[in-house]
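J.: Handing you this structure, nothing more for now.
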Amino acid sequence: MKRVISIDGPAASGKSSAAKRLAKQLGWGFVNSGEFYRSVTWAMLKSKVDVDIPAAVVEAAGQLSLDGEIVDGLSRVLVDGDVVPVDELSTAEVNDAVSKVARVFEVRDKVVGRLRALADAEPVVMEGRDIGSVVFPETRYKFYVDASEEVRQQRRAAQGLTDQISQRDKADSQRKSSPLKVPDGAVVIDSSEMNLEEVVAAIVERLAEAGFEA
Ligand code: CDP
Ligand code: CDP
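Final position of the sequence shown in my numbering is 212; the numbers increase by one with none missing.
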């Protein structure tokens, strides 16, 4: 059986940092599903696909060769057989376009297939928007890490990144295909006044209460 801990939540809530730390602590793989949507977006922007036109995104998605792998405990994405450079995935251009690409069912279908396959190979902590609700609804261990919009905006700004997170959250929550929401059965952690260690400790505590064993 696949072994998965899902961590969903809005932009800059700290889910990726928490998931990465937890995975390392458990000796499990860490999968950043947002990097898959960002990589698809990056590839489409490079090929000058008009991401405002869903039909253009559908067509480009059909032609895209997308793969994922976990190396030394960390996921990475390959497009056309080459590893996508992570530093090109959090630019203002990708931030502005990613929700338009991620709302398209054909893109999600392709990414979800790759994400599910990653969990065949090893146990994973996977973070995103729909991991507990759609990708692995059967997992017993689901978390939703949140924080106030003000705190999340501060966190992203402190990273030195240009990112209209409220627009992205709105688009991600309102789309038809796998919208961002608290998955059924997920433990919600409001991290507005917690540092990373406290968030990870809270997750570990809830896992122990649920009888989790790594
Ligand atoms: O790090 P941050 O939370 O800002 O974003 P991310 O996790 O890298 O995700 C980037 C975008 O990909 C999100 O705004 C969503 O549009 C999309 N995404 C998604 O639709 N489903 C996921 N499981 C993960 C990301
Ligand atoms: O993956 P997501 O977009 O949800 O957030 P992240 O990239 O893990 O975290 C965004 C920034 O907030 C990082 O610089 C984290 O170190 C920081 N952070 C924080 O200051 N306090 C927390 N409790 C969690 C994250």
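Just so you know, even glycine gets a beta-carbon here, dropped at the ideal spot from N, CA and C.
Since V132 contacts S171 with CB under 8 Å, what's their CB separation in whole angstroms?
T.: By one-based count along the sequence shown, residue 132 stands at place 134. By one-based count along the sequence shown, residue 171 stands at place 173. That pair is no contact at about 14 Å.
J.: What did DSSP end up calling S105 once you bin it into helix, strand or coil?
T.: What you label residue 105 is simply residue 107 of the sequence shown in a count that begins at 1. The question names Ser, but residue 105 is Val in the sequence shown. Of the three classes helix, strand and coil, the one that applies to V105 here is helix, per DSSP.
J.: To the nearest angstrom, how far is it from the Cα of E207 to the Cα of V185?
T.: Here residue 207 is taken as the residue at index 209 of the sequence shown, counted from 1. Here residue 185 is taken as the residue at index 187 of the sequence shown, counted from 1. Looking at the two C-alpha atoms, the distance is approximately 12 Å.
J.: List the residues that DSSP assigns as beta-bridge partners of G126.
T.: Residue mapping note: residue 126 aligns to position 128 of the sequence shown, counting from 1. Per DSSP, D6.
J.: Please classify G209 as buried or exposed, where buried requires at least 16 other C-beta atoms within 10 Å of its C-beta.
T.: Counting from 1 along the sequence shown, the entry for residue 209 is found at position 211. Answer is exposed; the Cβ neighbour count stays below 16.
J.: Does the beta-carbon of T39 have 16 or more other beta-carbons within 10 angstroms, so that it is buried, or is it exposed?
T.: Counting from 1 along the sequence shown, the entry for residue 39 is found at position 41. T39 should be labelled buried.
J.: Is any non-hydrogen atom of ligand 2 found closer than 7 Å to the C-beta of Q157, if you look at the structure I gave you?
T.: As a working note, residue 157 is residue 159 in the sequence shown. Of the heavy atoms belonging to ligand 2, at least one sits nearer than 7 Å to the Cβ of Q157.
J.: Do V143 and S88 count as a contact pair if the criterion is CB distance below 8 Å?
T.: Within the sequence shown, residue 88 is the residue found at index 90, counting from 1. Within the sequence shown, residue 143 is the residue found at index 145, counting from 1. No, Cβ-Cβ distance for S88 and V143 is not below 8 Å.
J.: Once the 5 residues before and after R19 are set aside, which same chain residues still bring their CB inside 7 Å of it?
T.: Within the sequence shown, the letter at position 21 stands for residue 19. Taken in chain order, the residues that qualify are L194 and V198.
J.: Less than 7 Å separating the Cβ of K140 from some heavy atom of ligand 2?
T.: Counting from one through the sequence shown, the residue named residue 140 turns up at place 142. In this structure, ligand 2 has no non-hydrogen atom nearer than 7 Å to the beta-carbon of K140.
J.: Quick one: Cα of R112 to Cα of R173, how far?
T.: On the sequence shown, residue 112 is found 114 positions in, with the first residue counted as 1. On the sequence shown, residue 173 is found 175 positions in, with the first residue counted as 1. Using only the alpha carbons, I get a separation of about 21 Å.
J.: Under a three-way DSSP split, which group does S73 fall into?
T.: As a working mapping, residue 73 is identified with position 75 in the sequence shown. S73: strand per DSSP, three-state reduction.
J.: In three-state DSSP terms, what is F210?
T.: What you label residue 210 is simply residue 212 of the sequence shown in a count that begins at 1. F210 falls in the coil class under three-state DSSP.
J.: Is it true that the CB of V29 sits closer than 8 Å to the CB of S73?
T.: For the purposes of this step, residue 73 is identified with residue 75 of the sequence shown, where counting begins at 1. For the purposes of this step, residue 29 is identified with residue 31 of the sequence shown, where counting begins at 1. It is a contact, given that the beta carbons lie within the stated cut-off.
J.: Could you check how far apart the C-beta atoms of V96 and Y35 are, in whole angstroms? I think they sit under 8 Å.
T.: Start at 1 with the first residue of the sequence shown, and residue 96 comes out as number 98. Start at 1 with the first residue of the sequence shown, and residue 35 comes out as number 37. So it is a contact: roughly 6 Å between Cβ atoms.
J.: By DSSP, does F134 sit in helix, in strand, or in coil?
T.: Reading the sequence shown from its first residue, position 136 is the one you call residue 134. If DSSP states are grouped into helix, strand and coil, F134 belongs with coil.
J.: Verify whether the separation of the beta carbon atoms of V105 and A59 is less than 8 Å.
T.: In the sequence shown, the residue the question calls residue 105 occupies position 107. In the sequence shown, the residue the question calls residue 59 occupies position 61. Cβ distance < 8 Å, so V105 and A59 count as in contact.
J.: Please list the terminal residues of the continuous alpha helix (DSSP H) segment that includes D94.
T.: Looking up residue 94 in the sequence shown gives position 96. Start and end: A90 to A100.
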